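Chains as they are written, first to last, in the working numbering: chain A, 12 to 104; chain B, 64 to 423.
All C-beta atoms in this analysis are idealised placements derived from N, C-alpha and C, irrespective of residue type, glycine included.
Remember, it's a predicted structure, so these values are computed and weren't measured experimentally.
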Amino acid sequence: MTDREAFVAGEIVRIAREELKVEEPPAPGDSLAAKLDSMSLLALVVAVEDRFHVILTEDDAARTQTLEDLARLVASRAPEDRLLAAAPPGASP
Amino acid sequence: MSPNTHPAILSVGRALPPHHVDADTLIAALSTYWARKHFNVDRLAGIHRAAQVGGRHLALPLAEYAALDSFGKCNDAFIRVGAEIGEEAVRSGLAAAGLSPADVDHLWFVTVTGISTPSLDAKLANRLGLKPGVKRTPVFGLGCMAGAAGVARASDVLRAFPGEVAVMLSVELCSLTLQRDDASITNVVATGLFGDGAAAVVMAGGARFDGAPVPRVPRIQATRSVLYPETEWVMGWDVVDTGLKVVLSAKVPEVVEAHVGEDVDAFLAEHGLARGDVRHWIAHTGGPKVLEAFRRGLGLPEAAVERSWRSLREIGNLSSASVLFVLGDLLESGEARPGDVGVLAAMGPGFSAELVLLRW
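As structure tokens, then:
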């Protein structure tokens, strides 16, 4: 992963652990569907959209299996100001 | 015990609040709240639509929900509207059964969407003019299962007092529990799924028919409660300063599908029956995934739960009242024939299930 992708992956893990209270967040190569139940996965996708101001479609979901896949996709679309080390004030809109 | 000595279900009165909103209207209103916390509001609208509830009846006009900024205000609305539609449901049920309020010996009241002391059944006893000696049993906390469980417990009492009449009333105003500041996925799912309504099951002990023509109504042949150990986390309420915040695990359909088949089989076998003997499946309208889990767990064709699906699409999940709406619809359809067997089933917090065996 690039630094940018690694940063996004780290943020996704942080969101899963801190905001969604997932006890064992996925590792980069883990299948997201295998690690999270459907409600948690949906909550994670919504939280990632909120944090990075991206929109993930059904087609995206179909080709996103692992945390690494998701990080790459988000890193390629997120506006620069959303890729700062600290989330902009009010990670939500 | 011969079949005709079992308690009978005479009718199911139903009442919906007058404020109907379709899914698009509700989504437009909720989007204002969602947009404060989420970037992709369309996704939340999609989650809301996934419940497949086309519209629902609300306790209050949509515009009045904005003023409900405390548990107290929500609960005041619950007491006021609950008494109105509860009374309407009971009167409707009694009229359909050819009975009057003075005939009621037992009033059971179940809810999980509001509280009061005296409980709402006391208020209703006064509004309806029930006799002062009416025996009241309010039940809070069984959630979606309470309609089935209330019927089951009332039938237990009618076995002990076979000459008496019981009304089992469910009032659920789920919309008044909406936590507007909770933009979690669980809350979005819940707002997509739940609606408001009341249902009153009018029941009579077997001795009420001594010497009288026996009406074509279902008798409650048996009931069974099932509590699944160590599953308290699956669903329920977190009681917070602003009211009742929903707990709803994605595991609900999984738990239902894993257990419903063996539980129903064991229950039926105690009475010399098997799944194939059941002509009417009266299933709680838990939601698309729960209904499908119920159907798959029992290996039923889609048509077997179509009545529940229709109810879900038309009015949403009314918590404990839902399965009673489905039962009332079946009774009024005239589809059941003498000798038919039915199973009424609902699941709820505990996690638990209640099964009621009916025979026409």
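Closer than 9 Å to chain A by CB, T95 of chain B: For T95 of chain B, the nearest beta carbon of chain A is not closer than 9 Å to its own beta carbon.
So, for V84 of chain B: in the same chain, excluding its five sequence neighbours on each side, which residues have a beta-carbon less than 7 Å away from its beta-carbon? Taken in chain order, the residues that qualify are G118, R119, L121, L125.
Indicate the three-state DSSP secondary structure (helix, strand or coil) for I90 of chain B in the structure shown. I90 of chain B: helix per DSSP, three-state reduction.
Euclidean distance between Cα positions of K32 of chain A and A329 of chain B: Each residue's alpha carbon lies about 38 Å from the other.
Close Cβ partners of W97 of chain B (< 7 Å) along its chain, the five nearest in sequence each way excluded: Apart from sequence neighbours up to five positions away, the residues of its chain that approach W97 of chain B with a beta-carbon distance below 7 Å are V104, L107, A246, ordered along the chain.
Take N250 of chain B as the anchor and find which of B:G226, B:L311, B:V228, B:A267 has the nearest alpha-carbon. Taking N250 of chain B as reference, the option from B:G226, B:L311, B:V228, B:A267 with the minimal CA-CA separation is B:L311.
Mark D168 of chain B as exposed unless 16 or more other C-beta atoms lie within 10 angstroms of its C-beta, in which case mark it buried. Buried: at least 16 other Cβ atoms inside 10 Å.
Are the Cβ atoms of F102 of chain B and V24 of chain A separated by less than 9 Å? No Cβ-Cβ contact shorter than 9 Å links F102 of chain B with V24 of chain A.
Residue-chain proximity (L144 of chain A, chain B), Cβ-Cβ < 9 Å: For chain A, the structure presents residues 12 to 104; residue 144 of chain A sits outside this window and is missing.
Which residues, in chain order, does the stretch 296 to 317 of chain B contribute to contact with chain A at a C-beta distance below 8 Å? Among the residues of the stretch 296 to 317 of chain B, those with a Cβ less than 8 Å away from any Cβ of chain A are L311, S312, A313, K314, in the order of the chain.
Only counting runs of 4 or more residues, tell me where the alpha helix (DSSP H) segments fall wholly within the stretch 183 to 219 of chain B, in order along the chain. Here the runs fully enclosed are 183 to 191.
Unbroken alpha helix (DSSP H) run spanning A108 of chain B, endpoints: For A108 of chain B, the uninterrupted alpha helix (DSSP H) segment begins and ends at 104 to 112.
Return no unless some Cβ of chain B is closer than 9 Å to the Cβ of D92 of chain A. With 9 Å as the cut-off, D92 of chain A does not count as an interface residue toward chain B.
So, A238 of chain B versus F257 of chain B, is the Cβ gap smaller than 9 Å? As written in the sequence, residue 238 of chain B is Ser, which differs from the Ala given in the question. Cβ atoms of S238 of chain B and F257 of chain B: closer than 9 Å.
Out of A:D92, A:L84, A:L67, A:L47, which has the shortest C-alpha to C-alpha gap to A20 of chain A? Shortest Cα-Cα distance from A20 of chain A to any of A:D92, A:L84, A:L67, A:L47 involves A:L84.
Can you grab the Cα-Cα spacing for the pair A102 of chain A / E34 of chain A, in whole Å? For A102 of chain A, the predicted structure reports a pLDDT of 47, less than 50, and the residue's modelled location is therefore unreliable. A value from the coordinates is still provided. If you take the alpha carbons of A102 of chain A and E34 of chain A, they lie about 22 Å apart.
Where S51 of chain A meets chain B, residues with beta-carbon distance less than 8 Å: Result: A313.
Could you tell me the alpha carbon to alpha carbon distance between L47 of chain A and A261 of chain B, rounded to whole angstroms? When rounded, the separation of the alpha-carbon atoms in L47 of chain A and A261 of chain B is 37 Å.
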